[in-house]
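K.L.:
Residue numbers (the working numbering): 530 to 922.
To start, I am sharing the structure in question, which I have written as structure tokens.
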Amino acid sequence: YRVGVDPIEIRLRNYADIDHSTGQQWSSKSLKQCYARGAELFGWSKRNPKAGATRDGRFLVGMGMASATYPVHNSQGTARARLYADGHAVVQAGATDLGTGTYTVMTQVAADGLGLPMEKVRFELGDTNLPTAPNSGGSVAGGTVSSSVFLACQDVWHKLIKIAVLDKKSPLYKAKPEDVTAEKGRLFLKKDASKGEPFADVMKRADLSDIEGSGAGKYGSGYEAASAAANADPAHKDEAGHHSMHSFGAHFCEVRVDSELGTIRISKWVSVIGAGRVLNAQTARSQIIGGAIFGIGSVLMEETVRDQNYSRYTNADLASYHVPVNADIPNMTVEFVEEHDPYINAMGVKGIGEIALVGVAAAVANAVYHATGKRLRDLPLTPDKVMMAGVAS
């Protein structure tokens, strides 16, 4: 503000094309696209460049934004897939679902990877007897477990296709494995879908009740899958470990500050995220909204208060420890930029759990400064702090 440079422009001037902490190239980075799309969705061009200059009656109106980045933590896991002759499949990984959609998303990945409809696939998790998988935390579960599941399904595919192309009674006899694909429980040639047969026929002639495959997914493993479809055949990337791997995003916020009471209300919110391949747009959007609400609570109201004499918490219940409710949150716009990362893992998936929270407090605080002209740095930004800063009619 002191030099008259737009907040987005100053970030673009200081844009890091490499990770300066390591000197490595980014595996992928779509932060510029996040800025551009977020500004468009938010209406950033309508913003008054002067702080404390926009009013609506007794309300001071401000717009703020902030960048978001979160590293990809090294994690690995395994999965097992078993295709049965009757056309259904069971896929297993010792993962957890904390409400983040693991059941749904992994069933989708398995169905795509096996060429089966979702109703024919059962995904099992939450049991220590199952193949090991990472915990749900640190933005590692989605990418690691999906890659493990995908590679396990690929293993099943390679075995099934090998049986078919070596079977003299199969329409796919002597076909090249890479020319074979599948859909809806049926093997067929990519160039001629009429030449093919159901999985059950291949397995019946081979006298197989099931085919089992396994896979080990790992962040930074350097696999590139052309698609999340059957027989995609990920290619190994030896240079994967020489890249810095992060998710990126941008948050945009509009606030209305009551100049008489000091209350802060968020009236508009936009988040745009670049996090590799998005496996399920609906659950991913919910993740970002939930993380942003978490951040809004931390910047506006959430605080643990202790009695200094007895070192006991004085607000250890939901009546006195305030968290955001529906009335505190506006309609939130969330979008993902299309991003291809050939180095991250077999599915090209980055984490989105933490990136949703990073930068939220900064975006809100920047909006409050733009509204009031007062820089508040002590969180949470409660009404008493706003009034003490000299924000008054």
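The C-beta atom is built at its ideal place from N, Cα and C for all residues, glycine as well.
All values reported here derive from a predicted model rather than from experimental measurement.
1) Would you call Met917 buried or exposed, if buried means 16 or more other Cβ atoms sit within 10 Å of its Cβ?
2) I need the DSSP call for Lys713, collapsed to helix, strand or coil.
3) Sort Asn855, Gly593 and Ser559 by Cα distance to Lys926 and report the nearest one.
4) Could you say if the region 625-644 and the region 693-708 meet the contact criterion of at least three C-beta pairs nearer than 8 Å?
5) Have a look at Thr625 and Met635 and give me their C-alpha separation to the nearest angstrom.
6) Distance cutoff 8 Å, beta carbons only. Does Val709 sit that close to anything in chain C?
7) So what's Glu867 in DSSP terms, helix, strand or just coil?
8) When you compare only the Cα positions, how much space is there between Leu570 and Lys558?
9) If we count Cβ pairs, one from each stretch, closer than 8 Å, do we get three or more for the region 712-723 versus the region 773-789?
10) So who's on the other strand from Ser499, going by DSSP bridges?
11) Between which two residues does the alpha helix (DSSP H) harbouring Thr517 extend?
12) Please tell me whether Glu831 and Ser668 are closer than 8 Å, where the distance is taken between their beta carbons.
13) Would you list the one or two residues that DSSP bridges to Glu569?
14) Nearest CA to the CA of Asp730: which residue from Asp615, Tyr599 and Ala848?
15) So is Gly805 buried or exposed if we call it buried at 16+ other beta carbons inside 10 Å?
16) Going by beta carbon distance, what residues of the same chain come within less than 6 Å of Val878, once the five residues before and after it are set aside?
17) In this structure, does DSSP put Pro646 in helix, strand or coil?
18) Ala568 and Val887 - do their beta-carbons sit closer together than 8 Å?
19) What do you reckon, is the C-beta of Lys797 under 7 Å from a heavy atom of the ligand ADP?
20) To the nearest angstrom, report how far apart Ala821 and Ser677 are at their CA atoms.
21) Give a yes or no on contact between the region 907-914 and the region 779-792, applying the rule of three or more CB pairs nearer than 8 Å.
22) As a quick exercise: from Asn874, Tyr850 and Gly902, pick the residue whose alpha carbon is nearest that of Val601.
P.N.:
In short:
1) Locating residue 917 in the sequence shown gives position 388, counting from the first residue. By the 10 Å Cβ count, Met917 comes out exposed.
2) Position 184 of the sequence shown, counting from 1, holds the residue named residue 713. Note: Lys713 maps to coil in three-state DSSP.
3) Any answer about residue 926 is impossible in this case: the structure gives the chain only from 530 up to 922.
4) no
5) Looking up residue 625 in the sequence shown gives position 96. Looking up residue 635 in the sequence shown gives position 106. Going from the Cα of Thr625 to the Cα of Met635 covers about 11 Å.
6) Considering every chain present, this structure includes no chain C. It has just one protein chain.
7) In the sequence shown, residue 867 corresponds to position 338, counting from 1. Glu867 falls in the coil class under three-state DSSP.
8) Within the sequence shown, residue 570 is the residue found at index 41, counting from 1. Within the sequence shown, residue 558 is the residue found at index 29, counting from 1. The alpha-carbon atoms of Leu570 and Lys558 are separated by roughly 20 Å.
9) no
10) Given that the chain is displayed from residue 530 to residue 922, the structure contains no residue 499 and the question cannot be resolved.
11) Nothing in the structure corresponds to residue 517, since the chain is present only between 530 and 922.
12) The residue you call residue 831 lines up with position 302 of the sequence shown. The residue you call residue 668 lines up with position 139 of the sequence shown. No, the Cβ-Cβ distance between Glu831 and Ser668 is not below 8 Å.
13) In the sequence shown, residue 569 corresponds to position 40, counting from 1. None, per the DSSP bridge assignment.
14) Residue 730 sits at position 201 when you count from the first residue of the sequence shown. Comparing Cα-Cα distances from Asp730 to each of Asp615, Tyr599 and Ala848, the minimum goes to Asp615.
15) Numbered from 1 along the sequence shown, position 276 holds the residue referred to as residue 805. Burial call: buried.
16) Taking the first residue of the sequence shown as position 1, residue 878 is located at position 349. Cβ within range, chain order: Gly671, Gly672, Ser675, Gly805 and Arg806.
17) Counting from one through the sequence shown, the residue named residue 646 turns up at place 117. Reduced to three states, the DSSP call for Pro646 is coil.
18) If you number the sequence shown from 1, residue 887 lands on position 358. If you number the sequence shown from 1, residue 568 lands on position 39. The answer is no: Cβ separation not under 8 Å.
19) As far as ligands go, the structure on display features none, and thus does not contain the ligand ADP.
20) Along the sequence shown, one-based indexing puts residue 821 at 292. Along the sequence shown, one-based indexing puts residue 677 at 148. Cα to Cα, the separation comes out at about 29 Å.
21) yes
22) Residue 601 sits at position 72 when you count from the first residue of the sequence shown. Minimum Cα distance to Val601 is reached at Asn874.
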